[in-house]
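The numbering used here puts the first residue of the sequence shown at 2, with every later residue one more than the last.
In this text, a Cβ means the ideal position worked out from N, Cα and C, and glycines have one as well.
Computed from a predicted model, the values in this text were never measured in an experiment.
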Amino acid sequence: MSTIACTDEKFGRHFWACVKYKDEGHCNYFAWRDPKMCAYGGRVIRQLQAMRGQMLGKQSSWKSIQLELRQQN
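Laid out in structure tokens, this is it:
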């Protein structure tokens with residue numbers, strides 16, 4: 002199974018793992034799918050992820066405001 006790492010150190014890297022890698026009884030298969038990213042690339046990806054989180058928070062606030070305005074009318 003192919004998935005993407007979400008840890009700070011390896012964020013955004015693709016890897017292959019046993020389908021049951023989160024469960025007991027998995028086969029311990031693991032291999033990186035992509036080459037190691039340079040330090041700069043890792044920083045850029047973490048910054049983009051932080052920006053995405055901020056945007057999603059603002060989007061959530063905007064939806065709350067819209068809902069409140071609809072309820073007032």
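Rounded distance between the beta-carbons of residue j and residue i, thought under 8 Å
i, j, result
"Q29", "C19", "As written in the sequence, residue 29 is Asn, which differs from the Gln given in the question. Yes, they are in contact, since the Cβ atoms of N29 and C19 sit about 7 Å apart, within 8 Å."
"I46", "G13", "4 Å"
"R53", "S3", "R53 to S3, Cβ: 21 Å. No contact."
"A32", "W17", "5 Å"
Rounded separation between residue i and residue j - CA only
i, j, result
"G58", "A51", "11 Å"
"K21", "Q60", "35 Å"
"S62", "M56", "10 Å"
"K11", "D24", "21 Å"
Identified DSSP bridge partners for residue i
i, result
"I5", "H15"
"A32", "W17"
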